[in-house]
Each structure stands twice: as C-alpha cells, then as structure tokens.
Amino acid sequence: MPKVEHAPHKDGDCFVNYENKVFEDVKAQPGEKALVTFHTMANEGSVGFVNLLQATRLIRKGFETSVLLYGPGVTLGVQRGFPRLGDEAFPGHMNCNNQIAKILEEGGKVYACRFALQALYGYGEQNLIPGITPINPQDVLDIILLARRDNAFILNTWTL
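So this is what it looks like as structure tokens:
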C-alpha cells in the first residue's frame, strides 16, 4: 500500500485560489436593465436557485432587474413551508423563497404568469410570495421583447 505523507485537510483550508479575479468587476451604467427568466421547476436542480443568486447580484451591480417566472418557473414563486407556510422543514428548503424575498427587498421586480399558475399547476394569485406581480400569459413574450428593445441583459433559465 502506498503511504500518504501529507497532513489531512482541515476547516479553513482552500483548494483553489478564489482571490484571483480575472475579469473586471462590471457595474451597470445608468439606466441599464436586466431580465432573468425562469422556465424551471423549483427544487429540482440548482439552476433556479443559482440564477436567483445571479439576479440578486445583478441588482447589486446596479442593473434595474426583473425576474420572470413562467411555465414551471412559477413554482419558484409560490409560498411554501412545512408544517406551516414559512417554516423551513430542513436546511435549504426555503432557499428559493428566501432569495425571491431578498430580490424584492433589494428593489428587483418579480412577475409570474397567471396561466401557468392556474392552468398548469393549480395555484391562485394568493399562493404567490407577497410582492410578486401576476401577469397575463401574453405579457410573457412582451416583457422579453421590451427587455430586448431596451438592450437589457437577458439571462434565460431553462431545465429540460
């Protein structure tokens, strides 16, 4: 058997050089906008939560940021908890809800498609996290077209 001759890793050790930033820290120019769209199911992968973090980062970089929840993405915006709404059943259970609340608190706008809420998932507007604006299904395309017209940065989030 080969003999391991190095000390075991301990809390606080680093495996990579996380301080070496290669690119400039881009900040929004006055009036720049961003749109982050979500067509992904809540809690079925990391992409929804990771791009909610990206939306928060865009706000902090100065972008006027909107989040669009449509199709299965509306499941990111419904109230949840167990045994009661707002209760975290296990660590991380409320990550998406908490991050959407943070986006709203920090000045972002969040929109949810009414068609997907009712027709696809059986939710009503009363199920949304407070502060999310329900929109007509025809507004889904229009918010994307408006962002394009405004030369906004658009980050599309999909799970296939």
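Each step along the sequence shown adds one to the number in numbering that gives the first Met the number 0, with nothing skipped, and position 112 is 111. The C-beta atom is built at its ideal place from N, Cα and C for all residues, glycine as well.
Next item on the list: Give a yes or no on whether the C-beta atoms belonging to glycine 47 and phenylalanine 37 are separated by under 8 Å.
Entry: Yes. Within cutoff.
Note to self: Using a 10 Å radius around the Cβ and a threshold of 16 neighbouring Cβ atoms, would you call threonine 39 buried or exposed?
What the structure shows: Under a 10 Å Cβ-count criterion, threonine 39 is classified as buried, with 16 or more other Cβ atoms of the shown protein chains found around its own Cβ.
Checklist line | Proximity below 8 Å, CB of leucine 116 to CB of proline 133 | finding: In this structure, leucine 116 places its C-beta atom within 8 Å of the C-beta atom of proline 133.
Checklist line | Beta bridge counterpart(s) of valine 35 as assigned by DSSP | finding: According to DSSP, valine 35 bridges with Val66, Leu154.
Next item on the list: Using three-state DSSP, classify proline 133 as helix, strand or coil.
Entry: Strand at proline 133.
Notebook entry, point to check: Does the distance from the C-beta atom of isoleucine 58 to that of glutamate 105 stay below 8 Å?
Noted result: Note that the C-beta distance between isoleucine 58 and glutamate 105 is below 8 Å.
Next item on the list: Please report how far the alpha carbon of alanine 111 lies from the alpha carbon of leucine 67, in whole angstroms.
Entry: Looking at the backbone, the Cα of alanine 111 and that of leucine 67 are separated by about 6 Å.
Checklist line | Helix, strand or coil at cysteine 112 [DSSP, three-state] | finding: Correct three-state label for cysteine 112: strand.
Check: With burial defined as no fewer than 16 other Cβ atoms inside 10 Å of the residue's Cβ, what is the status of asparagine 155: buried or exposed?
Finding: In the assembly as shown, asparagine 155 is an exposed residue. Its beta-carbon has fewer than 16 other beta-carbons within 10 Å.
Next item on the list: Classify leucine 103 as helix, strand or coil using the three-state DSSP reduction.
Entry: In the structure shown, leucine 103 sits in a helix (DSSP, three-state: H, G or I).
Check: If we count the other Cβ atoms within 10 Å of its Cβ and call it buried at 16 or more, is proline 71 buried or exposed?
Finding: In the assembly as shown, proline 71 is a buried residue. Its beta-carbon has 16 or more other beta-carbons within 10 Å.
Checklist line | Contact under 8 Å by Cβ, isoleucine 142 with leucine 52 | finding: In this structure, isoleucine 142 sits away from leucine 52, with a CB-CB distance that is not shorter than 8 Å.
Check: So, helix, strand or coil for valine 139, using DSSP?
Finding: Helix.
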